[in-house]
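*Asks:* My questions will all concern the structure given below.
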Amino acid sequence: MKHPLLIITAALLWSTMATAQGVRYELRVDGLACPFCAYGIEKKFKKTKGVEAVDIDLERGLVVVSAGEGVQLTREQVERIVKDAGFTLRSMTEKTLP
Amino acid sequence: MTRRMKPFVIFPLLLSFSLLASCAWFPEAKEPPYALVKSWGEKGSGPGQFDEPTGIAVAGEEVFVSDARNGRILVFDFDGNYRRQIGQPGEGPGQLGRPMNLEISADRLYVADFWNDRILIYDLSGAFQRGIGERGAGPGQFKEPGGVAVAGNGDLFVADFNNHRVQQLSSEGEFIRQWGVTGETGFLAGKFNYPTDVALDAEGNLYVADGYNDRIQVFGPDGALLRKWGGPFALNLNGSFNGWFATVTSIDIGPGGNVFVADFYNDRIQKFTLQGRFLTAFGVEPTGPVHTAMAVAVADDGHVFVADFDRNRVEKWAPVR
């Protein structure tokens, strides 16, 4: 009886994860080599509604923003956040997470 | 009809200007550079490891280092032996978001917490004492403080990074006065462009690392601007010449009465007299696009300690006799 229970539990978990889609945004930001700048932009994104995680790659000038299920960040919104932090958005790509 | 200057007037003028500029704007070193005698640390989150060191201070025979992304302060002896951790990541009392420049005064450690918009105070064993400030643009409030200095009477001077000002507060956090205009950047005298750190000399003069203006500004105890330096006329012209800066991130005044400045994009520490005369510079090249010389502290014995952001390590430098 253990195996069928495990399979059902795993199937339920998988279905929950499969529906919990989010979006990952990769932002190229000019001049992102100073820690003061990086922490400022990271803080602003973390305070944005729906944003679940922010990773800063100083070496590549990349800000990776992960948004939760059903949350969509517009380019205008992202540009404003980046500009408020004192930077210029060079490019933005988005990828739906499985 | 226009008047034209005679060549015999123009050439001496140009020559005089060039000579003046070369002396004032491109100074030669007056001392040999310091020698790197020791370094320690690596990337990680374990004891003695760093994930982006951003601040440094010394007291007695110990070095205190802001370990920004790990949300803690690490303490070592002068040989790099790990001793203890202060604080932990978080937003609660005594917890740290992104600790930046540090100050030690009267056996208290003062931490500028960039993310939690406050100054946290600990005793040197690590026991949390209290926090000062909250997020905002009003008197006594902060937007991402970058550094703090403490006067003999306990007054705090805070580099209020995103408010583009420096505030003087009482030891209880009551507003006394400020330099700069809240929320306004500027490159003229007395204005700031993301100030990152502050220091006080023995006379009570205030030295401000005017971060993105690439200069140092000095104010007297009466609040008046005394001098500024960093490139021609200290008007936000960045460069890698002696005495020029490319984003100043930290400042400290040594026991000999010299000013040490972390010149981040130029990957070096520059040493000046209190009047801003260039003495020497030293540092290491980065391994990639991220830079090295993030923060500086000077010990009573003359050793200079540097937080190397790029290599996630602390460097100990000694003057060359």
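As they're listed, the protein sequences go chains A and B. Taking our numbering, the leading residue of the first sequence gets 604, the next gets one more, and so forth. Taking our numbering, the leading residue of the second sequence gets 2, the next gets one more, and so forth. Glycine is no exception: its CB is placed at the ideal position from the N, C-alpha and C atoms. Being a predicted model, the structure only gives us computed values, none of them experimental.
#1: In chain order, what residues of the same chain have a beta carbon less than 6 Å from the beta carbon of PHE242 of chain B, not counting five sequence neighbours either side?
#2: To the nearest angstrom, how far is the alpha carbon of GLY88 of chain B from that of LYS31 of chain B?
#3: With which residues is ALA210 of chain B paired in a DSSP beta bridge?
#4: Below 7 Å between beta carbons is the criterion; list the residues of the region 654 to 679 of chain A that meet it against any residue of chain B, in chain order.
#5: Let me know the secondary structure DSSP gives ARG278 of chain B once reduced to three states.
#6: For PHE1 of chain B, which residues from the same chain have a beta carbon less than 8 Å from its beta carbon, with the 5 sequence-adjacent residues on both sides left out?
#7: Please classify GLU35 of chain B: does DSSP put it in a helix, a strand, or coil?
#8: Which residue comes first and which comes last in the alpha helix (DSSP H) that contains ARG683 of chain A?
#9: Would you mind stating whether GLY98 of chain B and GLY72 of chain B have Cβ atoms separated by less than 9 Å?
#10: From the beta carbon of PHE639 of chain A, is the nearest beta carbon of chain B less than 9 Å away?
#11: I'd like to know whether the C-beta of LYS646 of chain A is nearer than 9 Å to at least one C-beta of chain B.
#12: Is the beta carbon of ILE217 of chain B within less than 8 Å of some heavy atom of the ligand NAD?
#13: So, for ALA203 of chain B: in the same chain, excluding its five sequence neighbours on each side, which residues have a beta-carbon less than 6 Å away from its beta-carbon?
#14: Could you tell me the distance, in whole angstroms, from the CA atom of LYS44 of chain B to the CA atom of PHE261 of chain B?
#15: For the alpha helix (DSSP H) containing LYS650 of chain A, name the first residue and the last one.
#16: Grouping DSSP H, G and I as helix and E and B as strand, with all else coil, what is PHE1 of chain B?
#17: At what residue ranges does the region 124 to 163 of chain B contain a whole run of the beta strand (DSSP E), taking only runs of 3 or more?
#18: Does the region 248 to 255 of chain B come close enough to the region 193 to 209 of chain B to have 3 or more Cβ pairs within less than 8 Å?
#19: DSSP three-state call for TRP41 of chain B: helix, strand or coil?
#20: For a cutoff of 9 Å on Cβ pairs, would you count TYR642 of chain A as touching chain B?
#21: To which residues does DSSP link SER172 of chain B through a beta bridge?
#22: Quick one: what's ARG70 of chain B bridged to in DSSP?
#23: Between which two residues does the beta strand (DSSP E) carrying TYR83 of chain B extend?
#24: In this structure, what does DSSP give as the bridge partners for MET695 of chain A?
#25: Can you tell me where the beta strand (DSSP E) with PRO100 of chain B in it begins and where it stops?
#26: On the premise that PHE279 of chain B lies in contact with GLY244 of chain B, defined as a C-beta separation below 8 Å, what is that separation, rounded to the nearest angstrom?
#27: Which runs of the beta strand (DSSP E), 3 residues or longer, sit entirely within the region 244 to 309 of chain B?
#28: Grab the span of the beta strand (DSSP E) containing ARG228 of chain B for me, first residue to last.
#29: In chain order, what residues of the region 266 to 296 of chain B put their CB closer than 8 Å to some CB of chain A?
#30: Does any CB atom of chain A fall closer than 9 Å to the CB of ALA36 of chain B?
#31: Does the count of Cβ pairs from the region 664 to 676 of chain A and the region 624 to 638 of chain A closer than 8 Å reach three?
#32: Should ALA263 of chain B be flagged as near chain A, meaning a C-beta pair shorter than 9 Å?
#33: Run down chain A in chain order and give the residues with a C-beta less than 8 Å from the C-beta of TYR195 of chain B.
#34: Determine the burial state of GLU645 of chain A: buried for a count of at least 16 other Cβ atoms within 10 Å of its Cβ, exposed for fewer.
#35: Helix, strand or coil for GLU662 of chain A per DSSP?
#36: Below 6 Å CB to CB, which residues in the same chain sit around LYS605 of chain A once its five sequence neighbours on both sides are set aside?
*Replies:* Working from what's here:
#1: PHE27
#2: Cα to Cα, the separation comes out at about 41 Å.
#3: B:ASP198, B:ILE217
#4: LEU661, GLU662
#5: coil
#6: The structure shown does not extend to residue 1 of chain B, since chain B spans only 2 to 322, so no value can be given for it.
#7: Contrary to the premise, residue 35 of chain B reads as Tyr rather than Glu in this sequence. TYR35 of chain B falls in the coil class under three-state DSSP.
#8: 678 to 687
#9: yes
#10: yes
#11: yes
#12: Ligands displayed in this structure: none; no statement on the ligand NAD is therefore possible.
#13: none
#14: 26 Å
#15: For LYS650 of chain A, no alpha helix (DSSP H) run applies, since DSSP gives it neither H nor E.
#16: Any question about residue 1 of chain B goes unanswered here, given that chain B covers just 2 to 322.
#17: 129 to 133, 146 to 151, 157 to 161
#18: yes
#19: strand
#20: It does: the Cβ of TYR642 of chain A has a partner Cβ on chain B nearer than 9 Å.
#21: Answer is none; SER172 of chain B lacks a bridge partner.
#22: Beta-bridge pairing links ARG70 of chain B to no other residue.
#23: From DSSP, the beta strand (DSSP E) with TYR83 of chain B extends over 83 to 87.
#24: A:LEU630
#25: In the DSSP annotation of this structure, the continuous segment of the beta strand (DSSP E) that includes PRO100 of chain B starts and ends at 100 to 106.
#26: Contact between GLY244 of chain B and PHE279 of chain B holds: CB atoms are separated by about 4 Å, below the 8 Å threshold.
#27: 249 to 254, 259 to 264, 269 to 274, 279 to 283, 294 to 299, 305 to 309
#28: 226 to 230
#29: TYR266, GLY289, PRO290, VAL291, HIS292, MET295
#30: no
#31: yes
#32: no
#33: PHE639, GLY689
#34: Taking a 10 Å sphere around the C-beta of GLU645 of chain A, we find 16 or more other C-beta atoms and assign the residue as buried.
#35: The answer is coil: DSSP assigns GLU662 of chain A none of H, G, I, E or B.
#36: Low confidence applies here, because LYS605 of chain A scores a pLDDT of 46, under 50, leaving its location unreliable; read the following figure in that light. Hits under 6 Å: none found.
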